[in-house]
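First comes the structure, then the notes that go with it.
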Amino acid sequence: MTMLALPLGAGLSPGSSRPASASSARRTGGAKVLVAYYTRTGNTRVIARQISRTLRADIFEIATVDPYPEDYKQQVAVAEQQRESGSEPALAATVPDIGTYETVFLGFPIWGMTAPSVIRSFLSKHDLSGKTLVPFITHGGYGIGQSLKVLADHAPGARLIEGFSKQCDQERQTLDEVTGWLGRVELPG
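Per the numbering used here, the sequence shown starts with residue 3, numbered consecutively.
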């Protein structure tokens with residue numbers, strides 16, 4: 003059964019405009035954590051690296067065999083075609099030891115009001131049953147769209163918990179907000 007905890011937080015302490023402290027991040031025992039992410043412009047990579055540094059977690063950049071076009075309009079056309087056809091692009095690599103992780107932070111940008119097809123590919127190639135799945139999502143101002151449904155549908159055996167969503171425009175503010183959010187995440191193990 004998949005659990006959804008909504009809405010996605012903006013990474014701030016309750017009742018405050020300041021980030022919570024990362025020192026309260028609760029990661030006990032030897033639970034292995036993976037940060038997997040797909041990025042187009044680098045915004046999601048910034049957040050992924052902050053999570054990895056803060057939690058001392060392994061990191062994996064998701065890439066496709068055939069890269070998306072660098073031209074934005076061409077990339078949008080390819081993404082729309084993939085979304086409408088339900089196709090999943092081939093991945094350049096997979097995580098060989100996904101079974102050793104208890105928690106997977108999964109980061110991606112919103113494309114066309116949902117997760118990009120490459121995220122469906124990643125979830126189809128990696129069994130996250132019994133794992134905690136924590137999304138971190140970047141967007142251009144329209145929110146997370148249908149992305150949580152994509153995660154729930156493609157990782158039905160995972161425990162999907164509250165994630166992080168950020169309109170990306172200020173890198174320093176983003177890092178502070180991610181650190182504050184991580185201070186409130188309770189990980190198993």
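Backbone N, C-alpha and C define an ideal beta-carbon position, used for all residues, glycine too. The model shown is predicted, which means the values in this text are computed figures rather than measured ones.
The alpha helix (DSSP H) that contains residue i, what's its start and end?
| i | result |
| --- | --- |
| Gln84 | Tyr74 to Ser87 |
| Ile49 | Asn45 to Leu57 |
Less than 8 Å between the C-beta atoms of residue i and residue j, yes or no?
| i | j | result |
| --- | --- | --- |
| Gln52 | Val180 | yes |
| Pro190 | Ala33 | yes |
| Gln169 | Met115 | no |
| Ala81 | Pro111 | no |
| Thr46 | Thr140 | yes |
| Gly159 | Leu125 | no |
| Val152 | Tyr40 | no |
Which same chain residues, not among the five before or five after residue i, have their C-beta less than 6 Å away from its C-beta?
| i | result |
| --- | --- |
| Ser123 | Glu90, Pro91 and Leu93 |
| Gly165 | Leu10, Val136, Pro137 and Phe138 |
| Val78 | none |
Quick one: what's got a C-beta closer than 7 Å to residue i's C-beta in the same chain, skipping five residues either side?
| i | result |
| --- | --- |
| His128 | Thr96, Val97 and Ile100 |
| Gly132 | Gly159 |
Quick one: using the 10 Å Cβ neighbour count with 16 as the cut-off for buried, is residue i buried or exposed?
| i | result |
| --- | --- |
| Val48 | buried |
| Gly13 | Reliability fails at Gly13, whose pLDDT of 35 lies under 50, so the model's placement of it is uncertain and the value that follows must be treated cautiously. Buried, because 16 or more other Cβ atoms sit within 10 Å of the Cβ of Gly13. |
| Val35 | buried |
Hey, quick one: how far does the beta strand (DSSP E) through residue i stretch, first residue to last?
| i | result |
| --- | --- |
| Val35 | Val35 to Tyr39 |
| Val187 | Val187 -> no beta strand (DSSP E), and no H or E assigned at all. |
| Val136 | Thr134 to His141 |
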